[in-house]
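Note sheet for the following structure.
In this note's numbering, the protein residues as written are 62 to 230.
Okay, structure coming up:
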């Protein structure tokens, strides 16, 4: 289980990453609650790549022990204000960390490493998808979602969507 200090540090860095990219940010409290819950079940795994003592790239993934699947949840870094040479170092650090993650997960008996999405048609993620494809492996379609069947569940979904839209503003 990750320490409270480490969870706090990761939450702070992730929020800063979202701000750098002008993306909506979950609150610190939301992230901490999520991280603590996942960590308490032992399914939150963290890897960090450092260069000269500086943390460059972070990967958070969920591990399904039963099915031996590791699912990349978040991959982030703080380099948007760096110069071109530094950006290349961050890119190499990210590739290396993915490689180390896959080797470590294989060592622990994981059979599949889920990159968390692939879409060559979407301009926003095309380069990331090409990067993922270069690692090789077998593409697998995975579908996830929540189906709200009862009236009560459908009402709950609307409340959740309303809260999310309100918090995003």
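The beta carbon of each residue, even a glycine, is placed where N, CA and C say it ideally should be.
Based on the DSSP output, what are the partners of residue 173 in its beta bridges? Translated into the one-based positions of the chain shown, residue 173 becomes position 112. Paired residues: 130.
For residue 183, which of helix, strand or coil comes out of DSSP? Position 122 of the chain shown, counted from the first residue, corresponds to residue 183. Three-state result, residue 183: coil.
Beta-ladder partner(s) of residue 120, from DSSP: As a first step, residue 120 must be located in the chain shown, where it is residue number 59. BP columns for residue 120 point to 108 and 136.
Residue range of the unbroken alpha helix (DSSP H) whose run includes residue 75: Position 14 of the chain shown, counting from 1, holds the residue named residue 75. First-last of the alpha helix (DSSP H) with residue 75: 65-81.
Considering only the alpha carbon of each residue, which of 135, 189 and 200 lies closest to residue 95? Numbered from its first residue, the chain shown carries residue 95 at position 34. When only C-alpha atoms are compared, the closest one is 135.
For residue 154 and residue 118, believed in contact at Cβ under 8 angstroms, the rounded distance: The residue given as residue 118 occupies position 57 in the chain shown. The residue given as residue 154 occupies position 93 in the chain shown. With a Cβ gap of about 5 angstroms, residue 118 and residue 154 count as contacting.
Residue span of the alpha helix (DSSP H) that contains residue 233, given as start and end: Limits of the chain in this structure are 62 at one end and 230 at the other, which puts residue 233 out of reach.
Going by other Cβ atoms of all chains shown within 10 Å of its Cβ, with 16 needed for buried, is residue 223 buried or exposed? Along the chain shown, read from residue 1 onward, the residue named residue 223 stands at position 162. It is exposed - the Cβ of residue 223 has fewer than 16 other Cβ atoms within 10 Å.
DSSP three-state call for residue 195: helix, strand or coil? Position 134 of the chain shown, counting from 1, holds the residue named residue 195. Here residue 195 sits in coil by DSSP.
Identified DSSP bridge partners for residue 125: Working through the chain shown from its first residue, we reach residue 125 at position 64. Answer is 130, bridged to residue 125.
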